[in-house]
Amino acid sequence: MCHGVPLRVWIVHTEYPNWTDKHLPTVNFRPIGQRPLVVADLSRHHGWMDVNEVLLPGVGLRYEFTNADGQRIGIVARRTGDFELVDYPRSDPDEGRPLFRLTAQEADAVAEILGAPRIAERFADLTREVPGLSAGQIAVPAGSPFAGGSLGQSRARTRTGASIVAIVRGETVIASPSPAEVIQADDVLVVIGTHEGIAAVREIFRG
Amino acid sequence: MHTSLALLLELGVILLVLSGLGTLARRFGVPPIPLYLLAGLALGEGGFAPVPAAAQFVEAGAAIGVVLLLLTLGLEFSTAEFAHSVRRHVPSALFDMVVNAAPGAVAGWLLGLDGIGILALAGATWISSSGIVARLLSDLRRLGNRETPAVLSILVLEDFAMAAYLPVLAVLASGGEWWEAVIGVVVALTAVAAAFVVSHRWSHHINRFLAHPDDEQLMLRVLGTTLVVAALAEFVDASAAVGAFLVGLTLTGAAADRARAVLAPLRDLFAAAFFLAIGLAVSPVELVPVLPAAFALAAVGVVTKIATGWLAAGRDGAGRRGKLRAGTALIARGEFSIVIIGLVGAGHAVLGPLVTAYVLILATTGPLIARWAGTARAVVQR
Numbered sequence: 000m001c002h003g004v005p006l007r008v009w010i011v012h013t014e015y016p017n018w019t020d021k022h023l024p025t026v027n028f029r030p031i032g033q034r035p036l037v038v039a040d041l042s043r044h045h046g047w048m049d050v051n052e053v054l055l056p057g058v059g060l061r062y063e064f065t066n067a068d069g070q071r072i073g074i075v076a077r078r079t080g081d082f083e084l085v086d087y088p089r090s091d092p093d094e095g096r097p098l099f100r101l102t103a104q105e106a107d108a109v110a111e112i113l114g115a116p117r118i119a120e121r122f123a124d125l126t127r128e129v130p131g132l133s134a135g136q137i138a139v140p141a142g143s144p145f146a147g148g149s150l151g152q153s154r155a156r157t158r159t160g161a162s163i164v165a166i167v168r169g170e171t172v173i174a175s176p177s178p179a180e181v182i183q184a185d186d187v188l189v190v191i192g193t194h195e196g197i198a199a200v201r202e203i204f205r206g
Numbered sequence: 000m001h002t003s004l005a006l007l008l009e010l011g012v013i014l015l016v017l018s019g020l021g022t023l024a025r026r027f028g029v030p031p032i033p034l035y036l037l038a039g040l041a042l043g044e045g046g047f048a049p050v051p052a053a054a055q056f057v058e059a060g061a062a063i064g065v066v067l068l069l070l071t072l073g074l075e076f077s078t079a080e081f082a083h084s085v086r087r088h089v090p091s092a093l094f095d096m097v098v099n100a101a102p103g104a105v106a107g108w109l110l111g112l113d114g115i116g117i118l119a120l121a122g123a124t125w126i127s128s129s130g131i132v133a134r135l136l137s138d139l140r141r142l143g144n145r146e147t148p149a150v151l152s153i154l155v156l157e158d159f160a161m162a163a164y165l166p167v168l169a170v171l172a173s174g175g176e177w178w179e180a181v182i183g184v185v186v187a188l189t190a191v192a193a194a195f196v197v198s199h200r201w202s203h204h205i206n207r208f209l210a211h212p213d214d215e216q217l218m219l220r221v222l223g224t225t226l227v228v229a230a231l232a233e234f235v236d237a238s239a240a241v242g243a244f245l246v247g248l249t250l251t252g253a254a255a256d257r258a259r260a261v262l263a264p265l266r267d268l269f270a271a272a273f274f275l276a277i278g279l280a281v282s283p284v285e286l287v288p289v290l291p292a293a294f295a296l297a298a299v300g301v302v303t304k305i306a307t308g309w310l311a312a313g314r315d316g317a318g319r320r321g322k323l324r325a326g327t328a329l330i331a332r333g334e335f336s337i338v339i340i341g342l343v344g345a346g347h348a349v350l351g352p353l354v355t356a357y358v359l360i361l362a363t364t365g366p367l368i369a370r371w372a373g374t375a376r377a378v379v380q381r
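Each protein sequence line maps, in turn, to chains D and B.
So that you can map any letter, position 64 of the first sequence is 63 in numbering that gives the first Met the number 0, and since no number is skipped, the others follow by simple counting.
So that you can map any letter, position 146 of the second sequence is 145 in numbering that gives the first Met the number 0, and since no number is skipped, the others follow by simple counting.
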């Protein structure tokens, strides 16, 4: 058995048939070089997927999982930002067969194509520097002073230091919303910042 | 201006030759370190093309080379990875130390070396080259393999052990009494612990000072700080190398990433100067008599590293082929063995040539054996 850290990865898709608050991707904030993982699912259903995370000291991380076809797949995420994909033949599960390598730029393009929410990347960049950072979800109440106004009008980041990295609206997610994005009642805001910052944003939208 | 002309010309030719050798080495899948050593041998006294003018630069560059090698090693270091390695691979690392240091110690005793010589030779046979091995695993596309984390963990633990070993050796080599060595070790360990605390608690302050947004400023600040700390460490007889390692440890996160990128070309240049200088210091004539001993040590070193890798990979549940791959990947000795000799070189006539030959053999054959082990399907079928 390979000794790694088993992760539970919430698979999200850009259409969320039964989205509820508790289904928001939980992102583990872990130390340097370890990126939180949110994986997009192309098969249009969602649920938990088991991914094994193996530390490669000095090199980076390796994620391993078995896909629906029973193929064991490994993704090596190097500190340099490069990626390498391998699969494991059933005859010898120890030795990965190299499939292909991706530079950081190519990996970005592939991630874009697969539709992975870019939120994860942003979280990783922000939390790498500041271990005290956390994420929160804030539902915008119907009577909120900013319901119907643009995100920029709330001046949430200027006032609290916390960033709104995504808006969950019904079954869609607006990743990385611009300041012009209009907030509606019952939107759920994904906020990252300090605990105090997140609490302050909640206050702002409660009015 | 005559000397300067000779210096420029000699240095330029040397760098071009090194570049050619490096390309050649890559083609045959071996690291450039042994070829740099050979180039040093050829250029030194008794070699066939002495370079008196460039030798001065190489000597000075070598000192900076050691500092930069250790600084970048410290920059690579992450507490999380160290903790992980400690959790899983302390028994493998202890086994690694015992079985690989013992042949060096025994050989040193047989060759009639004094205590310091024995300690140095034991260290030189113990420590794998993390630079060569990490590069090798990547080149052979083995990062996806099951045994790879075990190999990398061993390297991390070995490198960390060096932080305790080098000051002991440095103090003893500088002619200190045993109690001075103890003080040296205590100072070094305290400094390592302090560096850890600092990097945990106040890293953002240090990073803020060192990690200037401008690359040039970043390079100057990190390099300047490192050289000052290295000099201070040398002053208290704890070895400049250890001081540099500590500076590397305290830099973390994005600052460390950027510093690594900025310093990489400098490190490559000065490390090349360092390997050249070691070759320069050894005359080819001295090399011949130690060859039998070097080959014997190397043969034992191959076996003991395979045993180490076998054990470590087995702890991670790898099969036979994985265990063999892990063991053979660890064979290569390189920069650290040379650093150790750099510390005690003077005054031990036989040690310099012996370890140079030893590294020449293992840095060349290690990667070749590792490559072969990946394809040796028939040899170790279950």
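We treat Cβ as the ideally placed atom computed from N, Cα and C, and that holds for glycine.
Below-8 angstroms beta-carbon distance, LEU54 of chain D vs any chain B residue = yes
query = Is the Cβ of LEU70 of chain B closer than 8 angstroms to any Cβ of chain D?
reply = no
request  = In the DSSP assignment, find the alpha helix (DSSP H) that holds PHE159 of chain B and state where it starts and stops.
outcome  = 147-172
task = Could you tell me the distance, in whole angstroms, from the CA atom of HIS22 of chain D to the CA atom of GLN136 of chain D?
result = Residue placement at HIS22 of chain D cannot be trusted, given a pLDDT of 39 that sits under 50; the coordinates are not used to answer.
key: Where GLU83 of chain D meets chain B, residues with beta-carbon distance less than 9 angstroms   = SER137, ARG140, LEU142 and GLY143
task = Could you spell out the range, first to last residue, of the alpha helix (DSSP H) harbouring ASP267 of chain B?
result = 252-280
key: Interfacial residues, the segment 173-203 of chain D to chain B, with Cβ spacing under 8 angstroms   = none
ask   = Under 8 angstroms between C-beta atoms, does PRO88 of chain D make it to chain B?
value = no
message = For the ligand PLP, is there any heavy atom lying closer than 7 angstroms to the beta carbon of ALA104 of chain B?
response = Of the ligands one can find in the structure shown there are none, so the ligand PLP has no counterpart to examine.
request  = Measure the beta-carbon distance from GLY148 of chain D to ILE173 of chain D and round it to whole angstroms, keeping in mind my assumption that it falls under 8 angstroms.
outcome  = So it is not a contact: roughly 15 angstroms between Cβ atoms.
query = Expressed to the nearest angstrom, what Euclidean distance is found between the alpha-carbon atoms of LEU41 of chain D and LEU37 of chain B?
reply = The pLDDT assigned to LEU41 of chain D is 33, lower than 50, so where the model puts this residue is not dependable; a value taken from the coordinates is nonetheless given after this. Approximately 55 angstroms, taken between the alpha carbons.
message = Run through chain B and tell me which residues come within less than 7 angstroms of ARG156 of chain D, C-beta to C-beta.
response = Those within 7 angstroms of ARG156 of chain D in chain B number zero; the least Cβ separation is about 21 angstroms.
task = For chain D, find out if any of its Cβ atoms is closer than 8 angstroms to the Cβ of HIS211 of chain B; answer yes or no.
result = no
ask   = Hey, does GLY155 of chain B have any beta-carbon neighbour from chain D nearer than 8 angstroms?
value = Looking at the sequence shown, residue 155 of chain B is not Gly but Val. Chain D, which has a Cβ nearer than 8 angstroms to the Cβ of VAL155 of chain B, makes this yes.
task = Answer yes if the segment 60-73 of chain B comes into contact with the segment 233-244 of chain B, meaning at least three C-beta pairs across the two stretches below 8 angstroms, and no otherwise.
result = yes
task = Let me know if LEU113 of chain D comes out buried or exposed under the rule of 16 or more other beta-carbons within 10 Å of its beta-carbon.
result = exposed
inquiry  = Using C-beta distances below 6 angstroms, list every residue in its chain close to ALA410 of chain B, excluding the 5 sequence neighbours before and after it, in chain order.
reply    = Nothing about residue 410 of chain B can be read from this structure; chain B reaches only from 0 to 381.
task = Go through its chain and collect everything with a Cβ distance to ALA255 of chain B's Cβ below 6 angstroms, but skip five positions before and after it.
result = LEU74
request  = Show which residues of chain D have a CB atom less than 7 angstroms away from the CB atom of LEU151 of chain B.
outcome  = LEU55, PRO56, GLY57 and VAL58
task = Within its chain, find whatever has a CB closer than 6 angstroms to the CB of SER84 of chain B; leave out the 5 residues flanking it on each side and keep chain order.
result = SER152, VAL155 and LEU156
ask   = What is the rounded straight-line gap between the Cα of ALA258 of chain B and the Cα of LEU217 of chain B?
value = 7 angstroms
task = Would you check if there are 3 or more beta carbon pairs closer than 8 angstroms linking the segment 296-310 of chain B to the segment 334-344 of chain B?
result = no
ask   = Would you call the CB atoms of LEU70 of chain B and LEU361 of chain B closer than 8 angstroms?
value = no
task = Could you check the C-alpha separation between PHE244 of chain B and TRP177 of chain B for me, to the nearest Å?
result = 24 angstroms
query = Can you give the Cα-Cα distance for GLU180 of chain D and PHE145 of chain D, rounded to whole angstroms?
reply = 11 angstroms
key: Neighbour list for ARG320 of chain B in chain D, Cβ cutoff strictly below 8 angstroms   = ASP91, ASP93 and GLU94
task = Measure from the alpha carbon of GLU285 of chain B to the alpha carbon of each residue in B:PHE27, B:LEU7, B:LEU40 and B:GLY21, then state which is nearest.
result = B:LEU40
query = Quick one: Cα of GLY350 of chain B to Cα of MET96 of chain B, how far?
reply = Looking at the sequence itself, residue 350 of chain B is Leu, so the reference to Gly does not match. Straight-line Cα distance between these residues: approximately 20 angstroms.
Residue from B:VAL186, B:ALA149, B:GLY19 and B:ALA54 whose Cα sits closest to the Cα of ALA317 of chain B = B:ALA149
inquiry  = Just to check my reading of the structure: ALA270 of chain B and GLU146 of chain B have Cβ atoms closer than 8 angstroms, yes? What is that Cβ distance to the nearest angstrom?
reply    = Actually they do not touch by this definition, with Cβ atoms about 28 angstroms apart.
ask   = Are the C-beta of ALA169 of chain B and some C-beta of chain D separated by less than 8 angstroms?
value = no
task = At 7 angstroms on the CB atoms, spell out the chain D contacts of SER84 of chain B, in chain order.
result = PRO56
request  = Note down, in chain order, each residue of its chain lying with its Cβ closer than 6 angstroms to the Cβ of ALA190 of chain B, except the 5 sequence neighbours on either side.
outcome  = LEU245
key: Segment limits, beta strand (DSSP E) that includes SER133 of chain D   = 133-138
THR147 of chain B: contacting residues in chain D (beta-carbon distance under 7 angstroms) = LEU55
Helix, strand or coil at GLY130 of chain B according to DSSP, with G and I counted as helix = helix
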